[in-house]
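Colleague:
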Amino acid sequence: MGVAHPVRFLVLVVLCNASLLAAEPPRQRPNILFIAVDDLNDWTGCLGGHPQAVTPNIDRLASSGMLFTNAHCAAPACNPSRTAIMTGLSPHRSGLYDNRQNMREVLPEAELLPKFLSRHGYWSAGSGKILHYFIDANSWDDYFPAKESEDPFPRTLYPSQRPLSLPRGGPWQYVETDWGPLDASDEEYGGDWLVSKWISEQLATSHDRPFFLACGIYRPHEPWFVPAHYFEQFPLEDIQLPPGYKDDDLEDLPPAGKQRGPNRYFAHIREHGQWKQGIQGYLASIAFADAMVGRVLRALDQSPERDRTIVVLW
Numbered sequence: 259m260g261v262a263h264p265v266r267f268l269v270l271v272v273l274c275n276a277s278l279l280a281a282e283p284p285r286q287r288p289n290i291l292f293i294a295v296d297d298l299n300d301w302t303g304c305l306g307g308h309p310q311a312v313t314p315n316i317d318r319l320a321s322s323g324m325l326f327t328n329a330h331c332a333a334p335a336c337n338p339s340r341t342a343i344m345t346g347l348s349p350h351r352s353g354l355y356d357n358r359q360n361m362r363e364v365l366p367e368a369e370l371l372p373k374f375l376s377r378h379g380y381w382s383a384g385s386g387k388i389l390h391y392f393i394d395a396n397s398w399d400d401y402f403p404a405k406e407s408e409d410p411f412p413r414t415l416y417p418s419q420r421p422l423s424l425p426r427g428g429p430w431q432y433v434e435t436d437w438g439p440l441d442a443s444d445e446e447y448g449g450d451w452l453v454s455k456w457i458s459e460q461l462a463t464s465h466d467r468p469f470f471l472a473c474g475i476y477r478p479h480e481p482w483f484v485p486a487h488y489f490e491q492f493p494l495e496d497i498q499l500p501p502g503y504k505d506d507d508l509e510d511l512p513p514a515g516k517q518r519g520p521n522r523y524f525a526h527i528r529e530h531g532q533w534k535q536g537i538q539g540y541l542a543s544i545a546f547a548d549a550m551v552g553r554v555l556r557a558l559d560q561s562p563e564r565d566r567t568i569v570v571l572w
């Protein structure tokens, strides 16, 4: 996860246990639409983290359910945080603390949420980023792209040459803090558009079992490349710096904190005079992610399963 101090939030939480599931006939159990938005902090309209955030679809969902404003991730990194959500084991219990660890080497016998639900009568399927860069194929009944590939990401359009917005040495690998508008439609962009398309198709399909459908939206994880029309919503001259920022915020930390506290990406952005441009890229990526969430929610609204489906967004 590349955004400093991520704040996870839940729109609605459902706690299921084996005794409750066993007590109900499978078809009477609620469906679960489980939406993960990667590296989204509190920059949404409903949480007010940035006054220029444009998230009408997430805001609409928040207004129709329960909004948690004091929710925190289990760890400030993708792998341990997502593993905690999918296994119910916090890092201090699992031993999985950072992104370099292999979940199955650390937790070879752990049962993930989709597998648990499948054992109790659910059809468990997903698309996009739910775990950290892999699928764990045996935990799912179906996945897009094909779970046999263990690659959760459909193809995404990126620029063919290294961008110039944030120069640095080394090869361009499409995983660094950088950004820019793409001359492409949402469909041409691929990636999250394909994830939301596949999820929407499953919502339009009749199922003989209740479903657990996991939708992993990759944006606004860096790099912040999305179709140009999302950048156009945020003219650079109008960009506001985040409220509450203090230049001397680390001054009262002990030496070890001062050494580890500064974010090297942020320092690089400021060094190159690109702070407002970076904010523009992040806001544009949030708007894009919200649009993909909107596609899925509209598909749910039109689905015969609408009134039997619980939505969890985190």
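Residue numbers (my numbering): 259 to 572. No residue lacks a Cβ here, since even glycine has one placed at the ideal position from N, Cα and C. All values derive from a computational prediction rather than experimental measurement.
Would you kindly work out how many angstroms separate the C-alpha atoms of P372 and F292, rounded to a whole number?
Modeller: Within the sequence shown, residue 372 is the residue found at index 114, counting from 1. Within the sequence shown, residue 292 is the residue found at index 34, counting from 1. One C-alpha to the other measures close to 11 angstroms.
Colleague: When you compare only the Cα positions, how much space is there between I457 and D399?
Modeller: Within the sequence shown, the letter at position 199 stands for residue 457. Within the sequence shown, the letter at position 141 stands for residue 399. Whole-angstrom Cα-Cα distance: 14 angstroms.
Colleague: Using alpha carbons as the reference points, say which of N289, H308 and P288 lies closest to G502.
Modeller: Sequence index remark: in the sequence shown, residue 502 carries index 244 (1-based). Nearest of N289, H308 and P288 to G502, Cα basis: H308.
Colleague: Would you kindly check if the distance between the Cβ of I475 and the Cβ of K387 is under 9 angstroms?
Modeller: Walking along the sequence shown from the start, residue 387 turns up at place 129. Walking along the sequence shown from the start, residue 475 turns up at place 217. Against a cut-off of 9 angstroms, the Cβ pair of I475 and K387 comes out as a contact.
Colleague: Check whether the region 318-333 and the region 490-507 are in contact - that is, three or more C-beta pairs closer than 8 angstroms.
Modeller: No, because fewer than three Cβ pairs between the region 318-333 and the region 490-507 fall closer than 8 angstroms, the two stretches do not touch.
Colleague: How long is the line joining the alpha carbons of P478 and L499, rounded to whole angstroms?
Modeller: Walking along the sequence shown from the start, residue 478 turns up at place 220. Walking along the sequence shown from the start, residue 499 turns up at place 241. If you take the alpha carbons of P478 and L499, they lie about 18 angstroms apart.
Colleague: Applying the criterion that 16 or more other CB atoms from any shown protein chain within 10 Å of the CB defines a buried residue, is Y391 buried or exposed?
Modeller: On the sequence shown, residue 391 is found 133 positions in, with the first residue counted as 1. Classification for Y391: exposed.
Colleague: For V569, tell me which candidate among R518, K516, S443 and A472 has the shortest Cα-Cα distance.
Modeller: Here residue 569 corresponds to residue number 311 of the sequence shown, with the count starting at 1. Looking at the Cα atoms, A472 is the closest of the given residues.
Colleague: Can you tell me whether Y488 is helix, strand or coil according to DSSP?
Modeller: Within the sequence shown, numbered from 1, the residue matching residue 488 stands at position 230. If DSSP states are grouped into helix, strand and coil, Y488 belongs with the helices.
Colleague: Return the CA-CA distance between L558 and R377, expressed in angstroms with no decimal places.
Modeller: For the purposes of this step, residue 558 is taken as the residue at position 300 of the sequence shown. For the purposes of this step, residue 377 is taken as the residue at position 119 of the sequence shown. Approximately 25 angstroms between the Cα atoms of the pair.
Colleague: With distances taken from CA atoms, which of N360, G384, P314 and S322 is nearest F470?
Modeller: Residue 470 sits at position 212 when you count from the first residue of the sequence shown. The candidate whose alpha carbon is nearest that of F470 is G384.
Colleague: Using a Cβ-Cβ cut-off of 8 angstroms (strictly less than) and excluding sequence neighbours within five positions of V554, which residues of its own chain qualify?
Modeller: For the purposes of this step, residue 554 is taken as the residue at position 296 of the sequence shown. For V554, where only same-chain residues beyond five positions count, the Cβ hits under 8 angstroms are L291, I293, S454, I457, S458, L461 and C473.
Colleague: Go ahead and pull the three-state DSSP assignment for D506.
Modeller: Residue 506 sits at position 248 when you count from the first residue of the sequence shown. Of the three classes helix, strand and coil, the one that applies to D506 here is coil, per DSSP.
Colleague: How would you call A486, buried or exposed, if buried means at least 16 neighbouring beta carbons within 10 angstroms?
Modeller: Mapped onto the sequence shown, residue 486 falls at position 228. A486 is exposed by the Cβ-count criterion.
Colleague: Using the rule of at least 16 other Cβ atoms within 10 Å of the residue's Cβ for burial, across every protein chain shown, is P338 buried or exposed?
Modeller: As a first step, residue 338 is located in the sequence shown; it is residue number 80 there, counting from the start. Label assigned to P338: buried.
Colleague: Name the residue from G552, S348 and L375 whose alpha carbon lies nearest to the alpha carbon of V364.
Modeller: Your numbering for residue 364 matches position 106 in the sequence shown. Cα-wise, what sits closest to V364 is S348.
Colleague: So is L298 buried or exposed if we call it buried at 16+ other beta carbons inside 10 Å?
Modeller: Stepping through the sequence shown from its first residue, residue 298 is reached at position 40. That one is buried.
Colleague: From the DSSP output, read off the bridge partner residues of Y401.
Modeller: What you label residue 401 is simply residue 143 of the sequence shown in a count that begins at 1. According to DSSP, which records beta bridges pairwise, Y401 is partnered with G384.
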